[in-house]
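*Asks:* Counting in the UniProt record's numbering, the sequence shown tops out at residue 254, every number present. Heads up, the beta-carbon is just placed ideally off N, CA and C, and yes, glycines get one too.
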Amino acid sequence: MLIHIVNGYPSKMRNMIRKNRKRIRKKWFCQDSLSSRSSHSFSSSNVSYNLSLDQNDLVRVSSQLYEGQLSKYTNMMKGWQLRWFILNPKTGVLSYFINEGDKWKRPKGWTNMFSAIIAPSDEDSNTFTVSSVCGDCLKLRARDARIRRDWITKLRTVAQLHGDTAEDNVFRRSSFQSEIDECKEAFDQVKKHLFIVEKERLFLTKGIDDLPIRGKLHHLDPDLLTLKALSYAVVVSLNQCLFILQQQDPPCSA
């Protein structure tokens, strides 16, 4: 329905949308490392970015993997842990591993950069966050301000590239583009359902944990413990399947 409505816009309205999109794009994306010779100012708690990316930067960043070591905040108990991160511009996936030697294995975790929000933290000059449309949020810390700037640049560029694909689909309707739309819509639906399933699993787990220690139905009942373990395994398996699908070549590179 949205496609039919937009296609009915007069050309002046479409041009205005395109101009606004370019203006917002310049506001959000910082300059790539090749452009870092221009003005960049740093302080102990903040980094000033020159928020501009030319077409050469976009093409270069999108043509190669970007990887390196970052600290990832896990929780209050474990705190910060070193992880090896790999950004795949082709698939738009940011995955991480225990260490560099494990990068050929299944990732410890991953998040899709499609329309993700990457923001530097006010805590210090090394920390930043990556928030996906699925609700996932990674709190990361680089070794220094320059490395943080490089990662933010790469991540925002990949998010821009995959976001632009979704926006351009509204204006360019070819048969191949239609397949990409359908594929991305399917991925979005899968992500939404997985999010719902995970919420229900958490409710189930909390309900079992809140049961009394003794009684006819208690939280250590073998059947309930099996149910908790199976529900967790199912959710993990479904997320791993989605990750594998997202590694496939286009048109299904959501």
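Throw me the rounded Cβ distance for the ILE118 and VAL133 pair, which I believe falls under 8 Å.
*Replies:* Indexing the sequence shown from 1 puts residue 118 at position 118. Indexing the sequence shown from 1 puts residue 133 at position 133. About 13 Å separates the two Cβ atoms, so there is no contact after all.
*Asks:* Check whether the Cβ atoms of LEU140 and LYS72 lie closer than 8 Å to each other.
*Replies:* Residue numbering aside, residue 140 sits at position 140 when the sequence shown is read from its first letter. Residue numbering aside, residue 72 sits at position 72 when the sequence shown is read from its first letter. Taking 8 Å as the Cβ cut-off, LEU140 and LYS72 qualify as a contacting pair.
*Asks:* For my contact list, SER135 and ASN112 are in at a C-beta cut-off of 8 Å; report their separation, rounded to the angstrom.
*Replies:* By one-based count along the sequence shown, residue 135 stands at place 135. By one-based count along the sequence shown, residue 112 stands at place 112. For the sequence presented, residue 135 should be read as Gly rather than Ser. The pair is not a contact, with the Cβ atoms about 12 Å apart (cut-off 8 Å).
*Asks:* My understanding is that LYS108 touches ILE98, with C-beta atoms under 8 Å, so please give their C-beta distance in whole angstroms.
*Replies:* Counting from 1 along the sequence shown, the entry for residue 108 is found at position 108. Counting from 1 along the sequence shown, the entry for residue 98 is found at position 98. The pair is a contact, with the Cβ atoms about 6 Å apart (cut-off 8 Å).
*Asks:* Just reading off the beta strand (DSSP E) that LYS78 is part of, what are its end residues?
*Replies:* Looking up residue 78 in the sequence shown gives position 78. Where LYS78 is concerned, there is no enclosing beta strand (DSSP E), given that its DSSP letter is neither H nor E.
*Asks:* Evaluate contact between the segment 80–89 and the segment 225–244, counting only Cβ atoms and requiring at least three cross-stretch pairs below 8 Å.
*Replies:* Touching, no, given that fewer than three Cβ pairs across the two stretches are closer than 8 Å.
*Asks:* Take LEU94 as the anchor and find which of GLN69, ASN75, ASP223 and LEU202 has the nearest alpha-carbon.
*Replies:* As a position in the sequence shown, residue 94 is number 94, starting the count at 1. LEU94 has its Cα closest to that of GLN69, out of GLN69, ASN75, ASP223 and LEU202.
*Asks:* Quick one: give me the first and last residue of the alpha helix (DSSP H) that LYS228 is part of.
*Replies:* For the purposes of this step, residue 228 is identified with residue 228 of the sequence shown, where counting begins at 1. First-last of the alpha helix (DSSP H) with LYS228: 222–246.
*Asks:* Nearest CA to the CA of LYS206: which residue from LYS228, ALA142, GLU123 and PHE187?
*Replies:* Numbered from its first residue, the sequence shown carries residue 206 at position 206. The shortest C-alpha separation from LYS206 is found at LYS228.
*Asks:* Work out the CA separation of LYS199 and GLU185 for me, nearest whole Å.
*Replies:* Within the sequence shown, the letter at position 185 stands for residue 185. Within the sequence shown, the letter at position 199 stands for residue 199. Spanning the two alpha carbons is a distance of roughly 21 Å.
*Asks:* Please list the terminal residues of the continuous beta strand (DSSP E) segment that includes PHE128.
*Replies:* Here the question's residue 128 lines up with position 128 in the sequence shown. Taken as a continuous stretch (DSSP letters only), the beta strand (DSSP E) holding PHE128 covers 127–131.
*Asks:* Give the C-beta separation of TYR232 and LYS154 to the nearest angstrom, bearing in mind that I take them to be a contact with Cβ-Cβ under 8 Å.
*Replies:* Residue numbering aside, residue 232 sits at position 232 when the sequence shown is read from its first letter. Residue numbering aside, residue 154 sits at position 154 when the sequence shown is read from its first letter. Wrong, their Cβ atoms sit about 33 Å apart, outside the cutoff.
*Asks:* Can you tell me whether SER38 is buried or exposed? The criterion is at least 16 other CB atoms within 10 Å of its CB, across all chains shown.
*Replies:* Translated into positions along the sequence shown, residue 38 becomes position 38. Note that SER38 scores a pLDDT of 35, beneath 50, so its modelled location is shaky and nothing firm can be said.
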